[in-house]
Amino acid sequence: MPRTLIISEKADAARRIAYFLSEGNSKQKSSKGMSYIEFEKDGDEYYVVPLSGHIIEIDFPKELKDWKPEIVNKLISSNVEKKIKNKRASDSLIHTAGDSNKIIVATDYDREGELIGVEALDIISNKTSFKGEIHRAKFSALTGVEIRDAFKEPINVDYNLSDSAAAREEIDLLWGAALTRYFSIISGRMGKDFLSIGRVQTPTLAIVVKRELEIESFEPRPFWVISVDFLKNIPFRGTLEEGPIFEEERAEKILAEITGKNGNVSAFEKKDERIPRPPPFSTTDFLREASRIGVQPGKAMKIAENLYVKGYISYPRTDNTVYQKSIPLKAITEKLLESDFKKEAEMVLAQEKIRPTRGRTETTDHPPIYPVSVPKKGSLKGDESKIYELIVRRFLSTIYRDGTKETKNGIIVVGGYNFKVNGTRVIDPAWLQIYIYRKQKEIDLPDLVVGEDVEATAWNKDKDETKPPSRYDMASLIREMESLRLGTKSTRHSIIEKLQDRGFIEGNPVRPTPLGKGLIKAVLTVDSKISEPDMTAELEREMDLITEGTTTKDAVVKESREMLGKVLKSLENAESQLKEKIKQSLNEGTVIGKCPEHATDIKVIKNREYIKIRCATEGCRIDFTSKIMGLIKETDKNCEVCGLPLINIIRRGQSPELRCIDKDCSYNKEKNNMGKCPKDGGDMVIRQSRYGKRFLGCSNYPKCTNTYALPQKGSVRFTGEYCSICNSPLIMGFIGTRRWKFCPDMKCEYNKRKEKIGRKEKSATA
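Counting from 9, one number per residue, gives the positions in the sequence shown under my numbering.
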C-alpha cells in the first residue's frame, strides 16, 4: 500500500490535519519512544509526525564551552555543530519515512517553519533510504477547506527560505555567544548573573535607554497660552493662532490688548470628512493593539498561536495588510452570526456590497490575521477571549463602511489678534461602533457667520512648560523596532520579553533599569556599533536576499563573522573604559528612600534572580537580599514596626502590595500569613512564583510541599476562620467592590456548596 509521511510542526496542528484529511478516522500511535498519527484514505496509508518545533539545535563544539577570555575570539571562526534535541520526533521520522513513497512538509509556512521542515528532511536523508517525492503543503488557517486544498495542490519546499532562517540562527548564536561571554567576563558577572548581549536585543535596549537619557537631560521651557472664552448659544474657546508665547512680557501685553473686547468672525468653514477604517491586522499591528488593551506582546502572540492551532484564526505571523480575493469575507461574517458578535455581523451583512479596506503592505505568503471559525460559547476565557474579540472586531471593522464626521474651523479676531476655533461632531460612527477600542473626540462649536460679532466672556493667560519626549510603551516600541528593521514580525515580542526577563527594562511605559542603562552607556563609549540598528538592519536585508536567491547562507554568515571580529577588536581596545562603566552601573540602582540612621540614599539594585536593597553608607545594617517581586515604587511611609521605608510592589493584575524593605520584618510576615497549614501546622504564607504568580505555600517547605493557588487579581486576606471540611484557612478575596470568601483548596466541597447555594439564591430572586 502506498504510504505518505506528513511532517507537522506541532502536535495540535498534526491532529487537526489528520482529522480533516481522514474525515475524523485517524488513530494516535505512541510506543517504543515514538509518536505519530495514522489513517487510510483512497487506498493510501498516511502517517502524520508532529515535531514540537525544532528537532535540531546548533551549538559550538565542547572544547569551546568554557567561559575563558581566550575562548571568545575562537568562537568567531569556529564551526557550529548540529545536534538532535528531540529524539522522540527524530525516531518517529526515521520509523515512518523508511517505507514511504512521498513526504509532504506541513509546518508553518514562514522562514522558521521552512527550516523546521528542512531539518526533518535532513534527518530522513541521513538516516533512511527514502528516495520518493517531496512536497510542501501551504496553508494559512487550520480549517477543513484550507487543509484539503493545500494537500490537493502542494508546492515545492523553499530551500532559500529555510537557508535564510538557518543563517539568522547561526548569526544570532555567534553574536550572542561571543558578546555575552565577553561582557560577562570583563564585568565579572558569571553563572546566573551573566550579562546577555544580542544582535537585536542590544540595539532595542539602546532605543529605550537613549529615550530615557533624553528625558533625564530635558530642560523644560516655560510658555504661556493665550485663549478667549466665547458664547454663542453654547460656550466655546479659541486659542491664539500663532501658538504658545515664550516671553511672559509679550503674553501680558497681548492679554492687556484683548481683555474686555469681543470678537469678530473673519473666517469659518464647515465640511464633512471621512473617518477611515483601519487596515487589516498584520502581526505588528495586532501586537500593538493587543498591548493597548492590556495584553503584553509576548502573551498576545502565544494566545494568537494557540487560537490558530485550534482553528479559530488565520496564521498570526504575517506582514500582509490586504485580504486576498480568495478569502470568503461574507461567508466568514455569516459564521459570526452564531457568536457573541451577531449584532456586528448583521450590521456588516446589511450592506449592499462588502468592500474591504487595504493596508500599505501586500504579500503572497499569508493573509492578514482574521477569524476563520467560531469557538463554542464559553470555551475562551480571560485574555484568550479578549484577543479573539480584538481580532473579530478588527476584521468586521475592515469590511464595514467608513464613518463620517462634521468638522468646523474658524478665526475670530479679538483686539487685532486671530484666535482659532475648532469643532468636531461624529455624524455616522459606522465602523467605530464595531471597533470599540477607538474613540473619536468631539468638540462643540456653534455655526458661525463671517462678519458677525461674538461675545467674549473671559480672557486667559495659562502658564505651561515644554514636555520631554514620552517613554515608549510596548506598542510604540514594537513600531519603532519595525521602522528600524530590528528583528522580524515573529521575534520582536520575544526580544522585548528577553530584555524584561534579563533585568534590562521594566514597566509599561518601558524604562531601562540601572543595569540596562549602564550597559548601553558603556557600549556607547566604544565605536563598536553593536547598539546601533543599522548593522542589524543590514543583516536583515542580507537574509532577505538569501530568500530571493541572490546570495547564499554561507556568504552572509561569512560576512557576519568578519563584522563580529571587527566589533570584538574595538571592544578589546577600550576594555578598561568598558569595565569601569559597567562597574559603575552595577552599583547605581534606584533610590527608594533615605536611611533613618545615616540620611543617605537607600537603593534597589536588581540582578536577574534577586534584588539587593542597601544603604549607600558602607557597613549600614540596611543590606537586604531577596527574590525579585515585581516593579518597586518608592512611598513616603515608614514601617510602624522597625522604622525602615515601606515600598510598593507592583505586579501585573494584582493590587499594589505595601511592604517593609526588610523581608524578615514582622510587618511583612503578618501581612503574608494566611493561617496554619492543615498538613503540618506550619504557616501558610503568600509566595510569588518565578513567573510572577502568587500562591500559598507552607513555611516549612521543602519538608512540607503543601501549596494552593490564589486569585491573581485584586487582594486577599485571611479571615481568621478555617474550612469545616478540609481545615484549610478560609480566604477573603477583594476586586473593587466585589468580595468573596473561599477555601484555597479549589477541589474542596466547601467551594462547590457555596456555588450551589449562590445559584439557589439567584433562582429564588428570579
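Cβ atoms here follow ideal geometry from the backbone N, Cα and C, with glycine treated the same way.
This one's a predicted model, so the numbers in the text were calculated from it and none came from an experiment.
- Contact check between the stretch 267-278 and the stretch 413-426: three or more CB pairs, one atom from each, fall below 8 Å, which counts as touching.
- The residue among D753, R622, E260 with its C-alpha nearest the C-alpha of Y730 is D753.
- As the crow flies, the alpha-carbon of R156 is around 50 Å from that of G705.
- In the structure shown, the three-state DSSP call for S568 is helix.
- According to the DSSP secondary-structure assignment, Y320 is paired through a beta bridge with no residue.
- In the three-state scheme derived from DSSP, where H, G and I count as helix and E and B as strand, N680 is classed as helix.
- If only uninterrupted alpha helix (DSSP H) runs of at least 4 residues are considered, none is enclosed by the stretch 103-129.
- Counting along the chain, the unbroken beta strand (DSSP E) around R702 starts and ends at 702-706.
- Going by beta carbons, L576 and N81 fall inside the 8 Å limit.
- Bounds of the beta strand (DSSP E) holding S16 are 11-16.
- Taking the C-beta atoms as reference points, G431 is found no nearer than 8 Å to K447.
- Three or more Cβ pairs closer than 8 Å define a contact, and the stretch 326-334 falls short of that threshold against the stretch 392-399.
- In the same chain as R519, and ignoring 5 residues on each side of it, the C-beta atoms closer than 8 Å to its own belong to V216, E220, R479, I513, in chain order.
- Here the alpha carbons of P284 and N680 stand approximately 52 Å from one another.
- Taking 8 Å as the cut-off, the Cβ atoms of S593 and G526 count as close.
- Beta-bridge partners of N272 (DSSP): V421, D461.
- For the pair of segments examined, the stretch 44-57 was found to touch the stretch 13-28: the number of CB pairs separated by less than 8 Å reaches three.
- Shown here, M198 sits in coil according to DSSP, grouped into three states, outside any helix or strand.
- As the crow flies, the alpha-carbon of A545 is around 10 Å from that of E490.
- Under the DSSP assignment, K35 falls in the beta strand (DSSP E) whose first and last residues are 35-39.
- Straight across, the Cα-Cα distance linking S736 with Y709 is about 17 Å.
- Taking 8 Å as the upper bound for CB-CB distance, D67 and K95 are not in contact here, some 16 Å apart.
- Less than 8 Å separates the beta-carbon of D470 from that of W232.
- Nearest Cα to C650 within the set L485, D670, K351: D670.
- Of the residues assessed, G386 falls on the exposed side of the cut-off, its CB having fewer than 16 other CB atoms within 10 angstroms.
- The DSSP assignment places 482-491 as complete runs of the alpha helix (DSSP H) inside the stretch 474-505, in order along the chain (cut-off: 4 residues).
- Residue pairing by DSSP places G728 opposite no residue, since no beta bridge is assigned to it.
- Per the DSSP secondary-structure output, D280 pairs in a beta bridge with E414.
- The stretch 402-414 makes contact with the stretch 356-367; the number of CB pairs closer than 8 Å reaches 3 or more.
- In this model, D130 and V113 are separated by some 12 Å (Cα to Cα).
- Secondary structure at L718: coil, using DSSP grouped into helix, strand and coil.
- Counting only unbroken stretches of 3 or more residues, the beta strand (DSSP E) elements lying wholly within the stretch 18-85 are 35-39, 42-49, 52-58, 64-67, in sequence order.
- Contact between the stretch 131-147 and the stretch 29-41 is absent, with fewer than three C-beta pairs closer than 8 Å.
- Under the three-state reduction of DSSP output, S405 falls in the helix class.
- Counting C-beta pairs closer than 8 Å gives fewer than three between the stretch 192-201 and the stretch 490-499, which falls short of the contact rule.
- In this structure the stretch 459-474 lies against the stretch 236-244, because at least three pairs of beta carbons, one per stretch, are closer than 8 Å.
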